[in-house]
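K.L.:
Under full-length UniProt numbering, the residues of the sequence shown are numbered 1 to 230, in order. Quick one: the structure is below, questions incoming.
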Amino acid sequence: MAGQDGQSNLEELVKSLSVERLMPYRLPRRSNPDESEFDWLLRYIWNIRLCESLYPGLQNLEIALRNAIHSALSTSYGTEFWFFEDGLLKAGELESIRRAERTIPRNKRKLAGKFIAELGFGFWVSLLHKRYHDSLVPKIMKSAFPGKRRSIRRSSVVGDLDTIRKLRNRVFHHEPIWNNPNLASLHNQILQYIAWLNYELFVVSRGVDRFETIHGEGTAPYKEVIAALG
Numbered sequence: 001m002a003g004q005d006g007q008s009n010l011e012e013l014v015k016s017l018s019v020e021r022l023m024p025y026r027l028p029r030r031s032n033p034d035e036s037e038f039d040w041l042l043r044y045i046w047n048i049r050l051c052e053s054l055y056p057g058l059q060n061l062e063i064a065l066r067n068a069i070h071s072a073l074s075t076s077y078g079t080e081f082w083f084f085e086d087g088l089l090k091a092g093e094l095e096s097i098r099r100a101e102r103t104i105p106r107n108k109r110k111l112a113g114k115f116i117a118e119l120g121f122g123f124w125v126s127l128l129h130k131r132y133h134d135s136l137v138p139k140i141m142k143s144a145f146p147g148k149r150r151s152i153r154r155s156s157v158v159g160d161l162d163t164i165r166k167l168r169n170r171v172f173h174h175e176p177i178w179n180n181p182n183l184a185s186l187h188n189q190i191l192q193y194i195a196w197l198n199y200e201l202f203v204v205s206r207g208v209d210r211f212e213t214i215h216g217e218g219t220a221p222y223k224e225v226i227a228a229l230g
């Protein structure tokens, strides 16, 4: 079927997305000489579905993590505005607080929850870094992860969460994840951390999770859709 100017619908689709956009979905031409734009589009669509399937887990993890850390530190410091305690946060995290404050209307700045909602995943992970080993880390590790084994150390937790943060950023910025060889392991890790934070939320997250099916099927379900474009 032809589109505008006699081009096929497939060519129109590639034009709309751009070849540059599809380049990360190619396999090496030397070992895959028969690769075509059809194959790139299949992987592009599969990537969209993979990102979509990871979204519920990533969203639930981010919300549960920030609320658990906020609760732990509010209890420890006796105030929901613990992040304003003198000398508590380092320069990078203080700047995150200032940026958050600038986005909040003045009449809402008495609500700690407004600050918490504005602080990104990276901010919360940063509170577990080594620079807070003697201040925030013991308070967070004591109560934020009730389901975690005590033998699992801070370094492992922050390493895992930092890797998940990088995946989260790729998913939320519509970047390729289809060729990540550790994707299935990362998916399991996301669910594991949700379980450590709140088991009931893990049950809900697992109940709506479709990653294993979408990841396992590969590009096969989308061949008919793309082939119909001609």
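Cβ atoms here follow ideal geometry from the backbone N, Cα and C, with glycine treated the same way.
Determine the direct distance from the alpha carbon of Arg206 to that of Gly113, and round the result to whole angstroms.
P.N.:
27 Å
K.L.:
Answer with buried or exposed for Tyr44, where buried requires no fewer than 16 other C-beta atoms within 10 angstroms of its C-beta.
P.N.:
A residue is called buried once 16 or more other Cβ atoms fall within 10 Å of its Cβ, and Tyr44 is buried on that count.
K.L.:
If we count the other Cβ atoms within 10 Å of its Cβ and call it buried at 16 or more, is Val204 buried or exposed?
P.N.:
Val204 should be labelled exposed.
K.L.:
Exposed or buried, what is Asn188 when buried is set at 16 or more other beta-carbons lying within 10 Å of its beta-carbon?
P.N.:
exposed
K.L.:
When you compare only the Cα positions, how much space is there between Asp86 and Gly159?
P.N.:
If you draw a straight line from the Cα of Asp86 to the Cα of Gly159, it comes to about 28 Å.
K.L.:
How many whole angstroms separate the CB atoms of Ile104 and His70, which I take to be in contact at a CB cut-off of 8 Å?
P.N.:
Incorrect: roughly 16 Å between the Cβ atoms, too far for contact.
K.L.:
Would you report the Cα separation of His129 and Val157, rounded to the nearest angstrom?
P.N.:
10 Å
K.L.:
Is the beta carbon of Trp178 closer than 7 Å to that of Leu13?
P.N.:
no
K.L.:
Please state whether DSSP places Ser155 in a helix, a strand or coil.
P.N.:
Secondary structure at Ser155: helix, using DSSP grouped into helix, strand and coil.
K.L.:
Are there 16 or more other CB atoms within 10 angstroms of the CB of Gly78, so buried, or fewer, so exposed?
P.N.:
exposed
K.L.:
Output the boundary residues of the alpha helix (DSSP H) element that contains Ala227.
P.N.:
223-227
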